[in-house]
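Report on the structure given below.
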Amino acid sequence: MKKILKLALVSLVALTLVACSSTEKPETGGDGGKTYEIGLAIYKYDDNFMTEYRNELVSYFAELGTKDGNTYKVDMQDGKGDQANQIEQINNFIAQKKDLIIANLIDTTGAENIVNSAKDADIPVVFINREPDVAALQIWPGKTTYVGADATQSGTFQGEMINALSNKGDVDGDGTVNYITLLGDPGNVDAIQRTEYSIKALDEAGNKNEALADPYQADWDTAKGEEFTRTALGQFGDKLEVVFSNNDGMALGAVTAIEAAGRVVGEDIYVVGVDALAAALELISEGRMTGTVLNDHFNQSHTTAEVAIEILNGKEVSAFYWHDYVMVTKPEEAELVRKDSKTETVEEVIARYAER
Numbered sequence: 002m003k004k005i006l007k008l009a010l011v012s013l014v015a016l017t018l019v020a021c022s023s024t025e026k027p028e029t030g031g032d033g034g035k036t037y038e039i040g041l042a043i044y045k046y047d048d049n050f051m052t053e054y055r056n057e058l059v060s061y062f063a064e065l066g067t068k069d070g071n072t073y074k075v076d077m078q079d080g081k082g083d084q085a086n087q088i089e090q091i092n093n094f095i096a097q098k099k100d101l102i103i104a105n106l107i108d109t110t111g112a113e114n115i116v117n118s119a120k121d122a123d124i125p126v127v128f129i130n131r132e133p134d135v136a137a138l139q140i141w142p143g144k145t146t147y148v149g150a151d152a153t154q155s156g157t158f159q160g161e162m163i164n165a166l167s168n169k170g171d172v173d174g175d176g177t178v179n180y181i182t183l184l185g186d187p188g189n190v191d192a193i194q195r196t197e198y199s200i201k202a203l204d205e206a207g208n209k210n211e212a213l214a215d216p217y218q219a220d221w222d223t224a225k226g227e228e229f230t231r232t233a234l235g236q237f238g239d240k241l242e243v244v245f246s247n248n249d250g251m252a253l254g255a256v257t258a259i260e261a262a263g264r265v266v267g268e269d270i271y272v273v274g275v276d277a278l279a280a281a282l283e284l285i286s287e288g289r290m291t292g293t294v295l296n297d298h299f300n301q302s303h304t305t306a307e308v309a310i311e312i313l314n315g316k317e318v319s320a321f322y323w324h325d326y327v328m329v330t331k332p333e334e335a336e337l338v339r340k341d342s343k344t345e346t347v348e349e350v351i352a353r354y355a356e357r
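All residue numbers for the sequence shown refer to the numbering used here, where the first residue is 2 and numbers rise by one.
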C-alpha cells in the first residue's frame, strides 16, 4: 500500500511540475482549495544531497496538498552552479509574482539583495541548506527564514569520530595525526565550517595533528575527490592517515583512490564524510569507510514545506529552523525519522555565534 501511495505521489509531483509553466495563478484548486505558486531555486541538480532533498521536498508538498485540499505548484529551477543564472531564475520568480520563493543559493552573499527585491514584491522567502548572513534575515522579519543545520556540528562530529578510534587516527604511532581535507567550495559556509571544526575537535581533545597540504578544492565532486586523494597518496604515501571530506561524494572518490593504491580503509587510513548517502552507508557497513554525518534532508525538507505553508497561511515564522546532524558509524544510525526542529531568533543566533 505504501508503494502504491508513493507512486501516486510521484505521479502527482510530475503533473505539478509540468503545470508550472503558466504564470497565471488560479485562486482555487480543483476541489475548492487554494492554489499556490512556489518558486524553488536549486543551486544545481547534479548533487547527490540536493537531489534527495529536492525530491523529498516536492513529494512532501504533494502529500500535504492531499491533506489540506490545496494545490502547491512547485516551479523548480536548476541553477547549474552558475550564480548569474540563478539570479535570473529568482528574478523571474519575482516577475511571475510567485506566492513564495524557496532558495538554495549558489552564493549566499547575494541573500540580502534577494530579500529586498522579494519584499518589494511582497513575496516571502525561505532559504534552505546554505545559510545566508544573519543580516539577510533582519530585513523582513516573519516573512523570511532559514531552514538548515549548523555546519559546525558536522565538522565537530567528524573530528570526534577520529578521536574515538583506538589509535585516535595516529596509524603509525608517531604522536601526530597526518591528514588532508577535501574541500567542497571555499566560498560555502558549510565547507568552511566543516573544515575548521573537524580539526578544532582534534585540538580540543588534545589530539595532535598536522595538515599535509592545504585543503584540496574538490567542488563536492566524486571524481575530483578521487583525483586529489590519488595526488596526496602519491606525494605523501603511508604518511597520510586521515582524509576529512566535506561531503560523502568526495569521500567516495577518496575511497576509490585509496583502494586503487593498495591501502585499506579502517586499517592504515581513515575516511570520514558528510551526508550519509546510501553509497557511503554501504561502504561503512562493509568496513570500507570510517564514518559519515547525516545531513538530514528528510527532516529539513519536511520542515521547509511546513514552514512555507505557515507563511502562505499568513503566519509569521521564526528566523531560523534547525535540525541536528547525526554522527554515523553504523548504517542504522542514519535512519530517517521525523524530528522536531529547533527555532531561534536572529538575536539568539548572533549571541550563540559570538561564543564560538
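Even for Gly, the Cβ is constructed at its ideal location relative to N, Cα and C.
Less than 8 angstroms separating the beta-carbons of L183 and A255? Here residue 183 refers to the residue found at position 182 when the sequence shown is read from its first residue. Here residue 255 refers to the residue found at position 254 when the sequence shown is read from its first residue. Cβ distance < 8 angstroms, so L183 and A255 count as in contact.
Could you give the distance in angstroms between the alpha-carbon of G66 and the alpha-carbon of Y73? As a first step, residue 66 is located in the sequence shown; it is residue number 65 there, counting from the start. As a first step, residue 73 is located in the sequence shown; it is residue number 72 there, counting from the start. The straight-line gap from Cα to Cα measures roughly 7 angstroms.
Since N168 contacts K240 with CB under 8 angstroms, what's their CB separation in whole angstroms? Translated into positions along the sequence shown, residue 168 becomes position 167. Translated into positions along the sequence shown, residue 240 becomes position 239. About 15 angstroms separates the two Cβ atoms, so there is no contact after all.
Test item: CB-CB of Y147 and F321 under 8 angstroms: Position 146 of the sequence shown holds residue 147. Position 320 of the sequence shown holds residue 321. Taking 8 angstroms as the Cβ cut-off, Y147 and F321 qualify as a contacting pair.
Span of the beta strand (DSSP E), counted from its first residue to its last, around L343: Residue numbering aside, residue 343 sits at position 342 when the sequence shown is read from its first letter. Looking at the sequence provided, one finds Lys at residue 343 rather than Leu. 343-345 is the extent of the beta strand (DSSP E) around K343.
Cβ-Cβ distance between K209 and G176 below 8 angstroms: As a first step, residue 209 must be located in the sequence shown, where it is residue number 208. As a first step, residue 176 must be located in the sequence shown, where it is residue number 175. Yes.
With a floor of 4 residues, list each alpha helix (DSSP H) that falls wholly inside the region 112-183, ordered by position along the chain. 112-121, 152-164
Pair within 8 angstroms by beta-carbon distance, S155 and Y326: As a position in the sequence shown, residue 155 is number 154, starting the count at 1. As a position in the sequence shown, residue 326 is number 325, starting the count at 1. Contact: yes.
Taking the beta strand (DSSP E) that I43 belongs to, which residues open and close that run? For the purposes of this step, residue 43 is identified with residue 42 of the sequence shown, where counting begins at 1. Segment 36-43, the beta strand (DSSP E) holding I43.
Alpha helix (DSSP H) runs contained entirely in the region 201-243, provided each spans 4 or more residues: 223-237
Once you ignore the five residues that flank K340 on each side, which residues in its own chain have a CB closer than 7 angstroms to its CB? Stepping through the sequence shown from its first residue, residue 340 is reached at position 339. Excluding positions up to five away in sequence, the list reads N300, H324.
Under the three-state reduction of DSSP, which class applies to V308: helix, strand or coil? Locating residue 308 in the sequence shown gives position 307, where the first residue counts as 1. In this structure, V308 counts as helix in the three-state DSSP scheme.
Pick helix, strand or coil for S319, following the three-state DSSP scheme. On the sequence shown, position 318 is the one that residue 319 refers to. Coil, per DSSP.
Determine, using beta carbons only, whether E345 and G143 come nearer to each other than 8 angstroms. Within the sequence shown, the letter at position 344 stands for residue 345. Within the sequence shown, the letter at position 142 stands for residue 143. Contact flag unset, no.
By how many angstroms is the C-alpha of I102 removed from the C-alpha of N86? The residue you call residue 86 lines up with position 85 of the sequence shown. The residue you call residue 102 lines up with position 101 of the sequence shown. The alpha-carbon atoms of N86 and I102 are separated by roughly 16 angstroms.
Inter-residue spacing [alpha-carbon to alpha-carbon] between Y354 and E287: Translated into the one-based positions of the sequence shown, residue 354 becomes position 353. Translated into the one-based positions of the sequence shown, residue 287 becomes position 286. In a straight line, the C-alpha of Y354 is about 38 angstroms away from that of E287.
Please classify T230 as buried or exposed, where buried requires at least 16 neighbouring CB atoms within 10 angstroms. Stepping through the sequence shown from its first residue, residue 230 is reached at position 229. Looking at its Cβ environment, which holds 16 or more other Cβ atoms inside 10 Å, T230 is buried.
Quick check: V329 and T291, are their CB atoms within less than 8 angstroms of each other? Stepping through the sequence shown from its first residue, residue 329 is reached at position 328. Stepping through the sequence shown from its first residue, residue 291 is reached at position 290. Not in contact: V329 and T291 (Cβ atoms no closer than 8 angstroms).
Spatial neighbours of E356 in its chain, beta-carbon cut-off 6 angstroms, leaving aside the 5 residues before and after: Working through the sequence shown from its first residue, we reach residue 356 at position 355. Once the five neighbours on either side are set aside, E356 has no close Cβ partner at all.
Note down, in chain order, each residue of its chain lying with its Cβ closer than 6 angstroms to the Cβ of P133, except the 5 sequence neighbours on either side. Residue numbering aside, residue 133 sits at position 132 when the sequence shown is read from its first letter. So the list reads T109, A112, once near-sequence residues are dropped.
On the three-state DSSP scale, how would you describe G66? Residue numbering aside, residue 66 sits at position 65 when the sequence shown is read from its first letter. DSSP places G66 in helix when its eight states are reduced to three.
State yes or no: is the beta carbon of V59 nearer than 8 angstroms to at least one beta carbon in chain B? Given the protein chain composition of this structure (a single chain), no chain B is represented.
Check this for me: beta carbons of A42 and I95, under 8 angstroms apart or not? Counting from 1 along the sequence shown, the entry for residue 42 is found at position 41. Counting from 1 along the sequence shown, the entry for residue 95 is found at position 94. No, the pair does not count as a contact, with Cβ atoms beyond the cut-off.
Buried or exposed for E349, going by 16 or more other Cβ atoms inside 10 Å? In the sequence shown, residue 349 corresponds to position 348, counting from 1. Exposed is the call here.
In three-state terms, what does DSSP make of M77? Position 76 of the sequence shown, counted from the first residue, corresponds to residue 77. If DSSP states are grouped into helix, strand and coil, M77 belongs with the strands.
Inter-residue spacing [alpha-carbon to alpha-carbon] between K4 and D69: In the sequence shown, the residue the question calls residue 4 occupies position 3. In the sequence shown, the residue the question calls residue 69 occupies position 68. Note that K4 scores a pLDDT of 37, beneath 50, so its modelled location is shaky and nothing firm can be said.
For R55, which residues of its own chain have a beta-carbon under 6 angstroms away from its beta-carbon, when the five flanking residues on both sides are left out? Indexing the sequence shown from 1 puts residue 55 at position 54. Closer than 6 angstroms at the Cβ level, and outside the excluded window around R55, lie I43.
Chain-order list of residues whose beta-carbon lies under 6 angstroms from that of F128 (same chain, five-residue window excluded): Position 127 of the sequence shown, counting from 1, holds the residue named residue 128. Cβ neighbours of F128 beyond the five flanking positions: A104, Y147.
When you compare only the Cα positions, how much space is there between V19 and A206? For the purposes of this step, residue 19 is taken as the residue at position 18 of the sequence shown. For the purposes of this step, residue 206 is taken as the residue at position 205 of the sequence shown. Because the pLDDT at V19 is just 38, under 50, the model does not fix this residue reliably, and the value given afterwards should be weighed accordingly. Distance between the alpha carbons of V19 and A206 is about 53 angstroms.
When you compare only the Cα positions, how much space is there between G160 and Q78? Counting from 1 along the sequence shown, the entry for residue 160 is found at position 159. Counting from 1 along the sequence shown, the entry for residue 78 is found at position 77. Going from the Cα of G160 to the Cα of Q78 covers about 35 angstroms.
Beta-carbon within less than 6 angstroms of E53's beta-carbon, same chain only, minus the 5 sequence neighbours each way: which residues are those? Taking the sequence shown and counting its residues from 1, the one referred to as residue 53 is at position 52. When the five nearest sequence neighbours on each side are left out, the beta carbons in the same chain lying within less than 6 angstroms of the beta carbon of E53 are those of H298, in order along the chain.
Please report the straight-line C-alpha distance between F158 and A309, rounded to a whole angstrom. As a working note, residue 158 is residue 157 in the sequence shown. As a working note, residue 309 is residue 308 in the sequence shown. If I take the Cα positions, the gap works out to 30 angstroms.
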